[in-house]
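Below: the structure, in structure tokens.
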């Protein structure tokens with residue numbers, strides 16, 4: 001398996017295709033495997049990097065609690081070791097927070113930014129959701145954890161219409177749930193508590209796509225609207241009839257808006 005050593009930790013990564021580099025950053029419960037349905041589509045025109053950061057997927061666990069800045073520095077080291085000078089950063093949910101922090105600190109390394117179902121700050125509403133998830137993880141009740149968390153990331157209709165797929169997904173996740181996994185999950189949640197880049201967003205001066213889902217109750221649309229309004233070169237797309245996990249509920253729309261953005265981000269209409 002392809003691992004890269006960063007700050008004495010083994011990080012799992014996968015590369016596909018050739019061309020400009022697209023880096024996909026995981027949400028809280030995601031891993032490199034989560035992006036598998038999109039590999040063939042995007043790697044036909046771009047080089048793709050999938051990476052499990054610390055406490056994610058197949059990468060090493062953290063030794064203690066950490067801030068999201070740790071992910072930023074490790075990501076920078078990964079890019080340098082792999083010879084990436086400039087990348088397109090795609091982050092969903094938690095990964096979108098890391099993408100914003102990275103862009104603010106290492107703007108010369110980012111060609112464009114794509115932020116899906118994410119926020120620019122952790123307020124009391126988001127913290128309330130996260131604390132509920134934290135308490136569920138702390139209880140180590142697999143069924144209660146999965147039934148509560150999984151149901152919250154999908155829209156009601158999608159959940160009802162795809163119950164067989166969702167139950168199969170729960171079974172797959174349940175195989176990896178142990179005390180170490182729950183500890184990793186809780187560390188990830190705590191790392192978001194002080195996240196706030198609201199007052200710095202206007203410093204991001206690269207083409208940016210903001211993606212919302214109209215039925216997202218985990219990080220509702222108003223949080224993406226703030227990002228859109230504060231980043232000067234941003235565009236905002238709302239995916240209809242989808243909850244927080246838009247990459248699963250509306251994968252074709254998700255691919256379409258990202259590819260459309262990448263193809264048109266530098267295009268100027270003659271008026």
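In full-length UniProt numbering, the protein residues as written are 1 to 271.
Where is the CB? At the ideal position from N, CA and C, for every residue including glycine.
Keep in mind that this is a model prediction, so the values were computed, not measured.
Enumerate in chain order the residues of its own chain whose CB-to-CB distance from residue i is below 6 Å, with the five nearest sequence positions on each side excluded.
i	result
residue 130	189
residue 25	91, 95, 98 and 99
residue 196	121
residue 87	21 and 23
Is residue i helix, strand or coil when you go by DSSP?
i	result
residue 273	Beyond the ends of the chain as shown, which are 1 and 271, falls residue 273; an answer cannot be given.
residue 198	helix
residue 88	strand
residue 48	strand
residue 154	coil
residue 93	coil
residue 66	coil
residue 159	helix
residue 106	coil
residue 121	strand
residue 147	helix
residue 244	coil
residue 267	coil
Sorted by chain position, which residues of the same chain lie with C-beta nearer than 7 Å to residue i's C-beta, five sequence neighbours on each side aside?
i	result
residue 43	16 and 17
residue 193	122 and 127
residue 245	153 and 154
residue 201	120, 227, 230 and 231
residue 55	61, 62, 184, 187 and 188
What whole-angstrom Cβ distance do residue i and residue j have, given they're in contact under 8 Å?
i	j	result
residue 207	residue 177	At roughly 39 Å, the Cβ-Cβ gap does not stay under 8 Å, so residue 207 and residue 177 are not in contact.
residue 72	residue 41	Contact doesn't hold; Cβ gap of about 28 Å is too wide.
residue 61	residue 180	6 Å
residue 116	residue 39	About 17 Å; that fails the 8 Å criterion.
residue 53	residue 29	Not really, about 13 Å apart at Cβ, beyond 8 Å.
residue 105	residue 4	The Cβ separation is near 20 Å, so there is no contact.
For residue i, which beta-bridge partners are listed by DSSP?
i	result
residue 236	210
Excluding sequence positions up to five away, which residues of its chain have a Cβ less than 8 Å from the Cβ of residue i?
i	result
residue 166	150, 154 and 159
Let's see if you can read the secondary structure: which residues bound the beta strand (DSSP E) around residue i?
i	result
residue 116	110–116
residue 9	9–16
residue 25	21–25
Please list the terminal residues of the continuous alpha helix (DSSP H) segment that includes residue i.
i	result
residue 171	163–174
residue 256	251–264
residue 4	Note, residue 4: premise wrong, no alpha helix (DSSP H); beta strand (DSSP E) at 3–6.
residue 221	221–230
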